[in-house]
């Protein structure tokens, strides 16, 4: 059975892994990225190269986008040489984290050309993208879900969160808010433990054996902070962007975010002190610096 052509715009750390899985599942894939180096390994696997998002939209009926920021998503979807100018595309799936406001704007813009927008942000990091175990938070009409389900199942587990544009994005922002909060408070706790003379690895073991366990204690502190690797694979600048988007949406809904606001402040400071491209686990470095101790390492 011949599988439909898939388009993919943005083949960075997450996109490259998702495209690789699609190729391995025998989907013909056409790709575009501003970086030729990013596209090179996928071209060797059989992906076809396009010279713009519009060209991707002329090569495939289903086009994915995995790009860093809301303005880039809008440009890829609606801008000059954007997917909207493609002659074949029928469904645009945004797996980026862009917020509900942008998702709705993209959906409205694409609808003019009868292109169905799907917001389907993903969670699970580069390991999840590699293994095809991402959580895919989808919002779209139910008939569209039936069409794209086989493709999405190649990259992860589908969670159908609603039919309205932006609902998937809201779900993703809530997920990232909790992830960032876990990393922030666990950084403070582990630094305090070290300052008090406790073994950081033992502190993590106790946390994980009791009620304090969370995504940071289970997946990040030992592996990326105590080891001093700081290579979880998600940039602190991107996480800072996500939390700011979440706070803006909370404000629009009239929902107080007392703890979330504190996390946003710590992230903002850490992004400035550690650098936009630093790993999200480098948040712990900022707390270490203030406390005058180092967690792990020599």
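Numbering (this note's numbering), first residue to last: 1 to 298.
Just so it is clear, CB atoms sit at the ideal spot from N, CA and C, and this is done for glycine as well.
- For residue 62, the enclosing beta strand (DSSP E) covers residues 62-65.
- With 16 or more other CB atoms across the displayed protein chains lying within 10 angstroms of its CB, residue 271 is buried.
- Between residue 235 and residue 192, the gap from beta carbon to beta carbon reaches 8 Å or more.
- Out of 163, 146, 204, 175, the CA that lies nearest to the CA of residue 189 is found in 204.
- Separation of residue 16 and residue 40 (C-alpha to C-alpha, rounded to the nearest whole angstrom) is 10 Å.
- Excluding five sequence positions before and after residue 18, the CB atoms of its chain that fall closer than 6 Å to its own CB belong to 129, 155, given in chain order.
- Setting aside the 5 residues that flank it on each side, residue 45 is surrounded in the same chain by 20, 23, each with a C-beta closer than 7 Å to its C-beta; the list follows chain order.
- Shown here, residue 138 sits in a strand according to DSSP, grouped into three states.
- Nearest to residue 115 by C-alpha distance, out of 232, 268, 77, 152, is 77.
- Note on geometry: alpha-carbon atoms of residue 13 and residue 276 lie some 16 Å from one another.
- The beta-bridge partner set that DSSP reports for residue 49 consists of 31.
- Closest by C-alpha distance to residue 221, out of 152, 256, 294, is 294.
- Per DSSP, residue 94 is one residue of the beta strand (DSSP E) stretching across 91-94.
- Judged by beta-carbon spacing, residue 119 lies within the 8 Å limit of residue 169, meaning their Cβ atoms are closer than that value.
- If you ignore the 5 residues before and after residue 104, its C-beta comes within less than 8 Å of the C-beta of 165, 166, all in its own chain and listed in chain order.
- The beta carbon of residue 246 sits closer than 6 Å to the beta carbons of 173, 177 from its chain, once the five residues preceding and following it are set aside; these are given in chain order.
- Bridge partners of residue 118 according to DSSP: 93.
- If you ignore the 5 residues before and after residue 225, its C-beta comes within less than 6 Å of the C-beta of 281, 284, 295, all in its own chain and listed in chain order.
- In the structure shown, residue 253 falls within a helical segment according to DSSP collapsed to helix, strand and coil.
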